[in-house]
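**Q**
Numbering (the working numbering), first residue to last: 860 to 1270.
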């Protein structure tokens, strides 16, 4: 029995997006924001055993970057054929919905390549679909606080593919969607860096900067520079990158981003031995955060919680061995309370590091044990990075803990 034309069409869409059935399921889930689609269900659609609902078709259209209306029309015809139990389907006209832009985008071997190609295209997409893509990009930045890079990577790259497929049809929404694409690409780079894929991370950061330039949105470049600064070849280069990032987030509506960029500058300045610059930048960061609302500014700043600002402050005071460290540590512990929020892992990590560097070895080792347990239960990129620093500062009596942390920190 011949396969239904609509099933062939769905297979054609997937193949022209250069995806396996598993990857197609991931792209559909990324478009919907829910992990409900499976490879088995994609296979059933492509074998004609089932026809997607109109709601699912909307997500398929979004994931593949094609118009929804023709898909709805073809699905309706497929359902009619199923009802009529027609035996001869060979004469049914096969329709193709893909244009050269999507085929060209899919030809690139990597997600950042597809995104770079799509940046030069334009068409139309409905506001609701744009909203779904932008909101999901924001959620991924929140998920990074308590999810490992390994488990997050496929979701981030699938979502980047979904935005890439939609970009050629962005129309009046092109700028907003380009910004969301850049935010997602930056997170993909951060995750890749954590997994030791440094060249891949650099490529993602580069395309994030391209998105920033195309959208005329400097804060997006600040995000790329902030992430990339962790892997800078030298402290001087890291400070240069963070100085530019701070410039990129000057102005209204960027208070949280400014606080993060300045806080990171303070961290790097402290590590390079420039006490005055570190303290000055930290004061500016804390002042900016007093006027910030990390829940309503750029999507990606949602990870810059009060706990994250505590961790930046602890990092600077610990490195400089400032007397304010004790009071800051007590305040950070009080803010954490009885439970451990998503970003609390980073706070415990910086608290342990700061105490060890500041000379309070017994308390530092105690917090390091808490950090190790928390990092295992709520793994995230910053936790892994902190593990190496803590392990290096532990006394010889904590050899077993140091070995465990180094193993945890290994990509």
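All C-beta atoms, glycine included, are put in the ideal place defined by N, C-alpha and C.
Predicted model only: the values in this text are computed from it and were never measured.
Please determine, among 1231, 1244, 1248, the residue with the shortest C-alpha to C-alpha distance to residue 1260.
**A** The shortest Cα separation from residue 1260 among 1231, 1244, 1248 belongs to 1231.
**Q** Answer yes or no: do residue 1120 and residue 1108 have a C-beta to C-beta separation smaller than 8 Å?
**A** It is a contact, given that the beta carbons lie within the stated cut-off.
**Q** Evaluate contact between the segment 1029-1041 and the segment 998-1016, counting only Cβ atoms and requiring at least three cross-stretch pairs below 8 Å.
**A** They do not touch, by the three-pair rule.
**Q** Please confirm whether residue 1126 and residue 1173 have their CB atoms less than 8 Å apart.
**A** Result no, Cβ atoms of residue 1126 and residue 1173 do not sit closer than 8 Å.
**Q** Keeping to the same chain, check which residues put their C-beta closer than 7 Å to that of residue 916; ignore five residues upstream and five downstream.
**A** Only 927, 930, 931, 934 meet the Cβ criterion.
**Q** Where residue 1061 and residue 1257 are concerned, what is the direct C-alpha to C-alpha distance, given to the nearest angstrom?
**A** Answer to the nearest angstrom: the Cα atoms are 36 Å apart.
**Q** Does DSSP put residue 1076 in a helix, a strand or coil?
**A** In the structure shown, residue 1076 sits in coil (DSSP, three-state: anything other than H, G, I, E or B).
**Q** Can you tell me whether residue 1150 is helix, strand or coil according to DSSP?
**A** Coil, per DSSP.
**Q** Kindly give me the distance between the Cβ atoms of residue 1063 and residue 1047, rounded to whole angstroms, as I take these residues to be in contact under 8 Å.
**A** The pair is a contact, with the Cβ atoms about 5 Å apart (cut-off 8 Å).
**Q** Secondary structure at residue 984, three-state DSSP: helix, strand or coil?
**A** Three-state DSSP puts residue 984 in coil, outside helix and strand.
**Q** Curious, which full-length alpha helix (DSSP H) runs of at least 4 residues does the segment 1104-1138 contain?
**A** Counting whole runs of 4 or more residues, the segment 1104-1138 contains the alpha helix (DSSP H) stretches 1114-1130.
**Q** Could you have a look at residue 952 and say whether DSSP puts it in helix, strand or coil?
**A** Its pLDDT being 38, under 50, residue 952 is placed unreliably in this model, and the value from its coordinates should be taken loosely. In this structure, residue 952 counts as coil in the three-state DSSP scheme.
**Q** Please report the Cβ distance between residue 1253 and residue 1233, rounded to the nearest whole angstrom; I am assuming they are in contact, meaning their Cβ atoms lie under 8 Å.
**A** Actually they are not in contact, since the Cβ atoms of residue 1253 and residue 1233 sit about 16 Å apart, beyond 8 Å.
**Q** Looking at residue 1086: is its Cβ nearer than 8 Å to the Cβ of residue 1118?
**A** It is not a contact, given that the beta carbons lie outside the stated cut-off.
**Q** Would you call the CB atoms of residue 1094 and residue 1131 closer than 8 Å?
**A** Cβ atoms of residue 1094 and residue 1131: closer than 8 Å.
**Q** Looking only at C-alpha atoms, which of 987, 867, 870, 1000 sits nearest to residue 1157?
**A** Out of 987, 867, 870, 1000, 1000 has the C-alpha closest to the C-alpha of residue 1157.
**Q** In three-state DSSP terms, what is residue 1088?
**A** DSSP places residue 1088 in helix when its eight states are reduced to three.
**Q** Go through its chain and collect everything with a Cβ distance to residue 1143's Cβ below 7 Å, but skip five positions before and after it.
**A** Hits under 7 Å: 1121.
**Q** Express the C-alpha separation of residue 906 and residue 1207 in angstroms, rounding to a whole number.
**A** The straight-line gap from Cα to Cα measures roughly 51 Å.
**Q** Can you tell me whether residue 866 is buried or exposed? The criterion is at least 16 other CB atoms within 10 Å of its CB, across all chains shown.
**A** When all chains shown are included, residue 866 counts as buried.
**Q** Which residue marks the beginning of the alpha helix (DSSP H) containing residue 929, and which one marks its end?
**A** Per DSSP, residue 929 belongs to the alpha helix (DSSP H) from 927-943.
**Q** With respect to the alpha helix (DSSP H) encompassing residue 1159, which residues constitute its N-terminal and C-terminal limits?
**A** Element bounds for residue 1159: n/a, residue is neither H nor E.
**Q** Expressed to the nearest angstrom, what Euclidean distance is found between the alpha-carbon atoms of residue 987 and residue 1159?
**A** Residue 987 and residue 1159: Cα-Cα distance of roughly 20 Å.
**Q** Apply the 10 Å Cβ neighbour rule to residue 945 and answer buried if 16 or more other Cβ atoms are within range, or exposed otherwise.
**A** Any answer about residue 945 is weak, because its pLDDT of 47 lies below 50 and its placement is not dependable; what the coordinates show is given next. The residue in question, residue 945, is exposed, as its Cβ has fewer than 16 Cβ neighbours within 10 Å.
**Q** Taking the alpha helix (DSSP H) that residue 1190 belongs to, which residues open and close that run?
**A** Taken as a continuous stretch (DSSP letters only), the alpha helix (DSSP H) holding residue 1190 covers 1183-1195.
**Q** Mark residue 1212 as exposed unless 16 or more other C-beta atoms lie within 10 angstroms of its C-beta, in which case mark it buried.
**A** So residue 1212 counts as buried.
**Q** Residue 1146: which of 1154, 1155, 1116, 1128 sits nearest, CA to CA?
**A** Taking only the C-alpha atoms, the option nearest residue 1146 is 1116.
**Q** Starting from residue 920 and walking both ways along the alpha helix (DSSP H), at which residues does that stretch end?
**A** Where residue 920 is concerned, the enclosing alpha helix (DSSP H) stretches over 913-923.
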